[in-house]
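Chains as they are written, first to last, in the UniProt record's numbering: chain R, 1 to 316; chain D, 1 to 498; chain B, 1 to 149. Ideal Cβ positions, reconstructed from N, Cα and C, are used throughout, including at glycine. Just below is one structure, and these are the notes that go with it.
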Amino acid sequence: MTFRTTFIGLTMAAAIASPALAEYPERTIELTIPAGAGGGTDTSARKLAILLEEMLGTSIAILNVGGGGGSVGASQFMQAKPDGYSLFATWNSPLTTVPQVQNVAYSLDSFTPIASTSETAYTLCVKADFPATTGEEFLAELEANPGKYTYGNDGIGGTMQLAAERIFQARGIDAVAIPFGGAGETLQNFLGGHVDIYGGSISTVLPYVENGEAKCPLVTSAADVPALPGAAGLESLGLGDKETLLWRAILGPKGLDPEIVTMLADTIEKAVNEPSYVEFLKTKGEVPNVVKGDALGERLQSEYDGLAEVSKALGL
Amino acid sequence: MDFYLNALGSVLSAAPLLAMVGATLLGVFIGALPGLNPVMAIALLLPLTYSMDPLVALGMVAGIYNGSMYGGAIPAILLRIPGTPASIATTFDGFPMADKGEAAKALKIACWSSAVGGIASALALMTMGPLLARVTLFFGPAEYFWIAIFGMASVGVMVGSDPVKGVMAAVLGLLIGTIGIDNLSGQARFTFDQTWLLGGLDLIVVLVGLYALPPVLQLAEKCDLKGLSADQLKLTNVPFAPGEKRGLIPTWLRSSGIGIGVGILPGAGGNIAAFLSYNAARNASDDPDSFGRGNPQGVAAAECGNNADNAASMIPALSLGIPGNVVAALVLSALTIHGLQPGPQLFHQNPVLVGGFMMEMLITSILIFALGGAVATRVFAQFQRLPGVLLVPSILILMCVGVYVINGRPVDLWVMLAAGIAGYFLEKVNVPLAPIILGMILGPMAEQSVRRALLISRGDATELLTRPISALLAVMTILVIVWPVAKAMRRRKRQRQS
Amino acid sequence: MEKRQDIALGLIFVLVGLAAAWMASRYSGASGTYPMTLGLILTFLGGTVAARAVRAGQDKARQLVAAPSKFITTAVIAAVYVAAVIPFGFYTASLMLMLVLPVALGFRQWIYAVIVAVIFIAVVYLVFSVLLEKPLPREAIPPLLGLGG
């Protein structure tokens with residue numbers, strides 16, 4: 001492999017025509033997902049894999065390795081060979097949030113960023129009879145009643161809690177975090193009145209906003225979200241710099257050939273922007289968002305640093 | 001009614017029907033092979049729904065799901081190897097029946113019971129779905145805690161001859177259940193700095209080792225070089241004796257109720273349903289001591305209970321958008337791919353698709369009647385014609401491939417081997433294995449729920465008892481423990497008098 | 001026999017329980033209480049089993065392993081198989097297991113064993129690699145022979 005790439009480097013400047021790329025991919029690509037089957041990351045990755053299979057002309061085998069908030073899958077994937085036949089489809093938490101609360105064997109350097117695919121915001125929602133409707137009223141109500149309200153979130157290592165605490169910290173709010181196993185479980189406890197505030201992904205709670213059972217005062221993105229017209233973006237609350245998003249990306253193991261990275265990143269960009277995929281993302285309240293290669297590495301690093309600050313302040 | 005008639009029209013065409021038949025057969029195979037689970041197959045099918053007629057794809061999901069729950073009973077009866085965690089309770093009476101030469105009868109009862117449970121569950125889904133879904137919302141962390149404790153109380157029936165060792169096994173299971181990252185605090189427990197342990201020990205890996213390896217080792221020790229002849233197999237169709245079916249009806253009703261009740265609670269699941277049904281059947285019996293020694297009622301209760309959980313587990317998923325287990329989550333994501341939004345309006349968005357899927361859950365349950373028995377006797381039982389020494393490596397390979405593909409990591413194979421060797425010796429010294437698995441299933445549920453409940457109540461433990469449903473569950477737990485004891489004492493008294 | 005086995009069993013559980021309780025005592029807050037309690041209960045139960053065995057009058061025979069040589073042969077070959085799966089590849093190792101284990105257990109009908117092995121491996125291949133497309137440990141030998149990859 002090294003001989004071949006050096007040889008190419010010597011003989012050809014144009015990467016497109018290189019034999020390494022001409023051969024790649026020639027067998028099945030294994031795609032590791034650090035979460036169980038059926039979740040948000042899993043569904044998005046499987047749908048994307050079908051498009052990629054077609055474009056790359058090879059089959060993609062999917063391996064779900066759940067547990068530890070994604071750290072088990074990430075640690076396992078870290079040991080894969082950087083030959084382009086092992087890829088990792090993840091959301092941001094295992095890389096940027098989980099290392100803040102767990103001792104993990106990997107760091108951002110253990111991976112080669114290829115491309116991000118889509119993103120969405122988290123939301124905080126309350127029952128229709130909650131004494132606040134707008135984002136400003138909501139934060140004021142929480143501020144006036146320290147320790148009174150409970151909010152459900154995705155559990156330790158999930159980014160949701162950090163996203164909420166970033167906002168609460170800025171306002172000096174004290175609300176009780178109740179960690180659940182995922183957005184579905186949070187919704188169940190929120191609808192049943194066991195927790196006061198729903199914290200989690202937008203698509204899960206959306207039907208209940210539409211039928212009037214719930215209302216969402218704010219989202220954790222800087223801008224407003226079209227799917228939730230009543231929810232305030234953080235910019236409008238003067239908290240624009242406290243934005244926390246949920247986003248998904250595909251990475252390779254450390255030391256992946258840059259030519260393969262470029263080729264994969266371009267293919268992923270094409271696949272993500274296919275109308276059928278954009279439409280699919282819309283049903284989940286997500287939008288396509290492709291950041292490629294080194295730019296993605298920078299994005300990961302800056303998010304990691306930002307969250308490190310919050311979690312230090314929280315004493316997690 | 002029109003709702004289902006419309007849906008029925010589209011379900012009863014060639015492609016969905018064929019898909020259902022094929023998938024039910026496939027499901028029985030998947031369930032019957034230890035380590036292979038329906039989630040794997042359904043996750044694989046899911047992407048096909050993008051390009052396929054959704055009713056065909058969902059028909060396959062329904063078939064695999066229902067078929068596999070029954071399929072788990074086949075090795076449970078023939079080899080005492082449960083194909084799925086939900087069929088552990090089937091081994092209690094299924095294998096002793098096979099040992100007595102009643103394998104065919106046990107398989108037939110398992111087949112009928114699975115079908116009955118599945119049908120009851122599908123009917124509940126079709127008629128009371130939205131209503132039952134709202135009931136699940138009353139169950140908060142405090143109630144989940146009591147459900148776990150209630151399930152744990154059923155350990156009483158599986159402790160065997162030595163209660164101290166039985167409870168010891170259960171506590172070991174609870175302890176194994178704490179391995180990994182604690183979801184509430186992020187604390188890594190008993191992980192010995194091994195990253196693969198952060199997610200805890202996989203239930204299936206331990207189950208396959210603990211349950212499948214000891215029978216394999218015993219088979220090797222027996223060193224059978226010939227295999228059974230066709231005559232020895234005696235797997236001809238045994239008809240039910242007159243009145244036998246009627247005798248099973250109360251068990252079927254009870255187990256269906258339990259399976260549906262547990263099924264509608266997200267996160268509880270079929271594994272618990274089978275144990276609870278088995279326990280209830282034993283408590284209701286006039287002769288509880290016959291359980292564990294080849295009582296057909298035990299097989300009926302366990303199999304009916306685990307299939308009755310299936311369609312019911314779709315209730316919170318379809319009515320509320322809350323997936324109760326992985327299969328439900330996969331079905332939900334299949335529906336979103338077709339532009340449906342899971343939640344209270346789902347039924348109105350696409351009645352043909354949602355109603356059709358419910359019909360398919362019903363039809364595939366009925367298909368078990370027709371297909372289940374044939375698969376069990378024509379295919380699986382034939383394996384016993386192979387010499388035992390050839391069966392040993394074959395089962396070993398199936399165990400390894402099943403365990404490996406769960407997480408794709410070699411270390412799981414060693415975990416399985418270690419669990420198997422431990423299981424072999426534990427059994428020899430009268431430590432029952434089922435409580436270990438039960439502890440692994442219920443421990444995390446009990447611990448996380450109680451800690452969540454205490455977070456919500458700000459540390460006030462009385463709230464675990466003052467909420468109406470919690471209180472009711474607590475009383476039921478006490479009854480489940482006291483009832484068999486009281487009954488046994490009464491019986492002894494009567495014997496003394498006579 | 002039974003007496004000695006139960007004492008050993010009880011003591012093993014005492015040790016496991018104590019080790020677990022000791023480790024859990026260092027875990028932060030509520031996450032340590034529960035496993036620590038479990039560890040202590042396990043210690044108590046293990047102690048009960050051992051103490052009961054000590055006090056028990058009669059000592060019945062209880063066989064741990066029915067056929068030790070076959071048991072050890074099978075366990076060792078199974079362990080070697082698990083170790084061989086990664087370096088040799090899943091199918092190569094499985095085929096070897098199908099041929100070696102029956103012979104080690106005294107099976108002499110070679111052709112029968114080979115036929116069953118080939119059919120069985122083919123079925124496993126069809127189900128897992130073709131139908132389910134599950135990644136399994138890669139084969140070491142076919143690529144060496146130049147048979148694709």
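In this structure, the CA atom of D:L79 is about 16 Å from the CA atom of D:E427. The beta carbon of R:R171 lies closer than 7 Å to those of L139 and E143 in the same chain, with the five residues before and after it left out. The alpha-carbon of D:G247 is positioned some 43 Å away from that of B:Q5. B:R26 carries a coil assignment under DSSP once its states are collapsed to helix, strand and coil. Per DSSP, R:V195 has no beta bridge partner at all. Under the three-state reduction of DSSP output, R:G306 falls in the helix class. B:P35 sits away from B:F90, with the two beta carbons spaced by 8 Å or more.
Going by beta carbons, D:P435 and D:G166 fall inside the 8 Å limit.
Beta-bridge partners assigned by DSSP to R:E274: none are found. Taken through DSSP and simplified to helix, strand or coil, D:C400 comes out as helix.
The C-alpha of D:D202 is placed about 26 Å away from the C-alpha of B:T92. Judged by their CB atoms, D:V415 and D:G209 are nearer to each other than the 8 Å cut-off.
Taking a cut-off of 8 Å on C-beta distances, the stretch 300-315 of chain D touches the stretch 108-124 of chain D, as three or more cross pairs fall below it.
Secondary structure at D:L413: helix, using DSSP grouped into helix, strand and coil. Annotation for B:K3: A53, A56 and D59 place their beta carbon closer than 7 Å to its own, counting only its chain and skipping 5 residues before and after. A residue is called buried once 16 or more other Cβ atoms fall within 10 Å of its Cβ, and D:A370, having fewer, is exposed.
Spatial neighbours of B:A104 in its own chain (CB-CB distance under 7 Å, excluding positions within 5 residues in sequence) are listed in chain order as T73 and I77. When Cβ pairs closer than 8 Å are counted between the two stretches, the stretch 34-46 of chain D is seen not to touch the stretch 303-316 of chain R, the count staying below three. With its beta carbon less than 8 Å from one in chain R, D:I337 belongs to the interface. Across the stretch 40-57 of chain R, CB contacts with chain D closer than 8 Å involve D42, T43, R46, K47, A49 and I50, in sequence order along the chain. DSSP, reduced to helix, strand and coil, places D:T191 outside both helices and strands of the structure shown, so it counts as coil. DSSP places R:F88 in the strand class (E or B) of the three-state scheme. Residue burial annotation: D:S256 is buried, with at least 16 other C-beta atoms found within 10 angstroms of its C-beta. Fewer than three beta-carbon pairs drawn from the stretch 106-116 of chain R and the stretch 188-199 of chain R are found closer than 8 Å, and the two stretches are therefore not classed as touching. The Cβ of B:E139 sits no closer than 8 Å to any Cβ of chain D.
Taking the Cα positions, B:Y125 is about 15 Å away from D:I30. Here DSSP, grouped into helix, strand and coil, assigns R:K292 to strand.
At least one beta carbon of chain B lies nearer than 8 Å to the beta carbon of D:M40. A direct Cα-to-Cα measurement between R:A132 and R:V219 gives close to 15 Å. Chain R places a beta carbon closer than 8 Å to that of D:I181, counting this residue as a contact. From the beta-carbon of B:E133, the residues of chain R found nearer than 8 Å are T28, S59 and A61.
With a threshold of 8 Å between beta carbons, D:I456 makes contact with chain R.
D:K100 and D:P214 have their C-alpha atoms roughly 20 Å apart. Going by DSSP, R:W247 is part of no alpha helix (DSSP H) but of the beta strand (DSSP E) stretching over L245 to P253.
When secondary structure is reduced to three states using DSSP, D:L225 falls in the coil class, being assigned neither helix nor strand.
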